[in-house]
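Numbering (this note's numbering), first residue to last: 2 to 256.
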């Protein structure tokens, strides 16, 4: 991987997470720790990030709407590909959970194009907007606190509302996934919402493009033992796929 591509990936991680460690970047980029440190030192000199002991942080500590928009277009073709596979797991008249996340926006678009009658529970304002025009859909948006950066709702009331429902499939959009830590994320409040969706669903399916694998964010969500399948794109490394398939079903292409 060229240095310019590594720098781009590092900045994308910083933008989405707010902070990264050298070990996280080593796994993400598949390079040595020394290479990661040199890249971080260079980006620090360029004032693209702030170097700290063991890693780096964003120059602006707060997440911004810009970071959401950048994530929305990052790897968009992969997200659209995996969203088609995810929709294959749905049947007409089912009840579906979609948590907030740019990948689930693509899943919602696929559902809207392929199904006429679904019940959708979501904490995402963007997903609710996409599905609002589907007359045959029952779209449930639980009350909660607005996360202005992520266009989502979170809080105890969201969790309590979710607990009242029996859901057929929960599609979980996640920031990071690893064999060691399972599902992790950087979004404050979203971890509780995700766990509430997992608890009320018969089946839990993670939707994550191949760039998310073997990365770790700083908020623990749950282990791989709590999910039934992972839907990803066809670019997932085959060796890595085999390692994950020892723990959970991987859906990365049409049968």
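No residue lacks a Cβ here, since even glycine has one placed at the ideal position from N, Cα and C. Just so it is clear, the structure is predicted and the values come from calculations on it, not from any experiment.
DSSP bridge partner residues for residue i (one or two, in chain order)
| i | result |
| --- | --- |
| residue 170 | 97 and 204 |
| residue 210 | For residue 210, which the question treats as bridged, DSSP gives no partner whatsoever. |
| residue 238 | DSSP lists no partner for residue 238. |
| residue 103 | None; residue 103 has no bridge partner. |
| residue 51 | 58 |
| residue 108 | Answer is none; residue 108 lacks a bridge partner. |
| residue 221 | 185 |
| residue 148 | 153 |
| residue 122 | 98 and 141 |
Cβ shell of residue i (< 8 Å), same chain only, five flanking positions each side left out
| i | result |
| --- | --- |
| residue 65 | At residue 65, the pLDDT of 37 sits below 50, so the modelled position is not reliable; the number obtained from the coordinates is stated separately. Only 150 meet the Cβ criterion. |
| residue 45 | 51, 52 and 57 |
| residue 167 | 96, 201 and 203 |
Cβ-based neighbour list, residue i, same chain, cut-off 7 Å, excluding 5 preceding and 5 following
| i | result |
| --- | --- |
| residue 230 | 206, 249, 250 and 252 |
| residue 127 | 106 and 152 |
| residue 99 | 105, 108, 109, 121, 123, 125, 128 and 172 |
| residue 113 | 131, 132 and 135 |
| residue 147 | 154 |
| residue 85 | 111 |
| residue 8 | 40 and 44 |
| residue 137 | 117 and 118 |
| residue 262 | Only positions 2 to 256 of the chain appear in the structure, and residue 262 is not among them; the question remains open. |
Cβ-based neighbour list, residue i, same chain, cut-off 6 Å, excluding 5 preceding and 5 following
| i | result |
| --- | --- |
| residue 80 | 104, 107 and 210 |
| residue 82 | 234 |
| residue 101 | 124, 125, 151 and 153 |
| residue 28 | 215 |
| residue 193 | 160 |
| residue 242 | 251 |
| residue 59 | 15 and 19 |
| residue 260 | Summary: the structure shown does not reach residue 260, with the chain confined to residues 2 through 256, and so no result is reported for it. |
| residue 2 | none |
Boundaries of the beta strand (DSSP E) in which residue i is found, first to last residue
| i | result |
| --- | --- |
| residue 138 | Premise fails: residue 138 is in no beta strand (DSSP E) and is neither H nor E. |
| residue 1 | The structure shown has nothing for residue 1, since the chain only spans 2 to 256. |
| residue 250 | 250-252 |
Residue range of the unbroken alpha helix (DSSP H) whose run includes residue i
| i | result |
| --- | --- |
| residue 161 | 157-163 |
| residue 228 | Careful: residue 228 lies outside any alpha helix (DSSP H) and carries neither H nor E. |
| residue 3 | Unbroken run through residue 3: none, as it is neither H nor E. |
| residue 90 | Taken as a continuous stretch (DSSP letters only), residue 90 belongs to no alpha helix (DSSP H), as it is neither H nor E. |
C-beta neighbour in chain E for residue i, strict 8 Å
| i | result |
| --- | --- |
| residue 10 | Any reference to chain E falls outside this structure, which holds one protein chain only. |
For the segment 77-96 against the segment 115-124, are there 3 or more C-beta pairs whose distance is under 8 Å? yes
For the structure I just gave you, are there three or more beta carbon pairs, one from the segment 137-150 and one from the segment 168-186, closer than 8 Å? no
So, does the segment 17-29 touch the segment 48-56, judging by three or more C-beta pairs under 8 Å? Yes, they touch.
Residue ranges of each beta strand (DSSP E) within the segment 11-40, 3 or longer: Counting only runs of 3 or more, we get 20-22.
With three or more C-beta pairs closer than 8 Å as the rule, is the segment 219-228 touching the segment 181-195? Cβ pair count under 8 Å is three or more, so yes.
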